[in-house]
Structure formats: structure tokens, C-alpha cells
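Using full-length UniProt numbering, read the sequence shown as starting at 1 and increasing by one per residue.
Heads up, the beta-carbon is just placed ideally off N, CA and C, and yes, glycines get one too.
The block underneath contains the structure these notes are about, expressed in C-alpha cells.
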Amino acid sequence: MDIKSFTDPVILFVQHNAHLAPLVCGLLAFGESLAVVSLVIPASTILLALGALIASANLDFWPIAGAAALGATLGDWVSYEIAKYYKYAVFRVWPLSRNPQMVEKGSAFIQKHGIWAVFIGRFFGPFRAVVPLFAGIFTMPFIPFMIANVASAIIWAIGLLIPGLGLTWLMA
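Spelled out as C-alpha cells, the structure:
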């Protein structure tokens, strides 16, 4: 199955249901930020494409970007809480169970950089899926975790949606 088979139906759905664009973007961002799920959902690609749709369908950017930021924040928060509860048992779940080097690198990254790892990890595909887990396992304090989580989610959401929006404006 190619990526187009995932992206096209979502984009078509939003074209026909523009009022649901914030909800769709929020759910995509949630899935993209939720540990493990993010590895199988091409949400970043879809969000980039939806950025172009925002301009061409004359949708309001900020509610959609806000929903995407909220979804991303919630996805990381859920991942953090799961790891806080299950601790090292999380390492027995795919993909961590099959990638001990990912566990080692993720552990070292979070221990070395602290909340900056949460912030920076949002912008790098494979790290996005596991950094919140490591933050929860190593019991990073909640408030610093959430500050980095929210700040990075806002920048990430805007950064994913603006390129398509800008290209559409340039081509108009």
C-alpha cells in the first residue's frame, strides 16, 4: 500500500467536509504523536497536504493549527502517562522490543538533554514516537514535560501547515 492510498481519502473527506477540518487535523496530530501509532500513520504527510487545502478551500488557518497543536500535545501526554504507569514494560512492546539500539539512544538522549529532548524530539520522526515514553519512564517532572510538549506542538503544527498554505498563495 502506498502513502497516496492514505492521504487522498483524508484530503477528499476534508474537501467535502471543511467544517470538520480542525477535528481531522487534531486527530491526525494526535495519532502522529501517540507512541507506536505514529509509526503507522502518515499524518505529517497528510497535514502538509491539508495546509494547501486550507488556502485553496479558504479555511481559517488558526482553528486548524490550534486543533493540530492540541492533538499533538494530547498524543505526547498520553504516551508520557502510559510510560509513567508501565515503566520498563514498555520496552517489551514493538518497535522498542525489536530495536534495542533505539532504547539505548532514546535513553541517552532524554537523560542528556532533559526537557529539551522533548522539545527537539517532536521534530524528528522516529524520536517523536518514543521521546515522551522515555520522559515518562524516567519520570521527568510533569510541568517541565508539558511546557516542552505544548511549545513544540504549537511550532510543529504551524510548521507543518504553513508550507502548503504558502505554496498555494504563491501559485495564486
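C-alpha distance - residue i paired with residue j, whole-angstrom precision
{"i": "P63", "j": "A29", "result": "14 Å"}
{"i": "residue 175", "j": "A35", "result": "The requested residue 175 does not occur in the structure, where the chain is confined to residues 1 to 172."}
{"i": "A72", "j": "F119", "result": "12 Å"}
{"i": "R128", "j": "Q101", "result": "16 Å"}
{"i": "P42", "j": "L48", "result": "10 Å"}
{"i": "P163", "j": "S33", "result": "20 Å"}
{"i": "C25", "j": "V131", "result": "22 Å"}
{"i": "I154", "j": "R98", "result": "32 Å"}
{"i": "S79", "j": "L133", "result": "6 Å"}
{"i": "K105", "j": "A57", "result": "42 Å"}
{"i": "residue 231", "j": "W94", "result": "Since the first residue of the chain shown is 1 and the last is 172, residue 231 is not available in this structure."}
{"i": "V14", "j": "L23", "result": "10 Å"}
{"i": "A68", "j": "L59", "result": "14 Å"}
{"i": "A135", "j": "A151", "result": "16 Å"}
{"i": "L70", "j": "I82", "result": "18 Å"}
{"i": "V103", "j": "F91", "result": "7 Å"}
{"i": "W65", "j": "I143", "result": "It should be noted that the sequence gives Ala, not Trp, for residue 65. Going by the C-alpha atoms only, they are around 23 Å apart."}
Residue i classed as buried or exposed, judged by whether at least 16 other C-beta atoms fall within 10 angstroms
{"i": "N17", "result": "exposed"}
{"i": "R122", "result": "buried"}
{"i": "G125", "result": "exposed"}
{"i": "D76", "result": "buried"}
{"i": "Y85", "result": "exposed"}
{"i": "S5", "result": "exposed"}
{"i": "V40", "result": "exposed"}
{"i": "A108", "result": "exposed"}
{"i": "F145", "result": "buried"}
{"i": "Y88", "result": "exposed"}
{"i": "L20", "result": "exposed"}
{"i": "I46", "result": "buried"}
{"i": "I54", "result": "buried"}
{"i": "L160", "result": "buried"}
Start-to-end residues for the alpha helix (DSSP H) that takes in residue i
{"i": "S33", "result": "21 to 33"}
{"i": "D8", "result": "4 to 16"}
Residue-level contact to chain D via CB, residue i, 8 Å cutoff
{"i": "W116", "result": "As a matter of chain content, chain D is missing from the structure shown, which is built from one protein chain."}
Proximity test, residue i beta-carbon vs the ligand GTP heavy atom, cut-off 7 Å
{"i": "A157", "result": "You won't find the ligand GTP in this model; it holds no ligand whatsoever."}
- Item | Start-end ranges of the alpha helix (DSSP H) lying completely within the UniProt domain "VTT" (41 to 162), minimum 4 residues | Runs of the alpha helix (DSSP H) lying entirely within the UniProt domain "VTT" (41 to 162) and spanning at least 4 residues, in chain order: 43 to 56, 61 to 86, 100 to 113, 115 to 121, 125 to 137.
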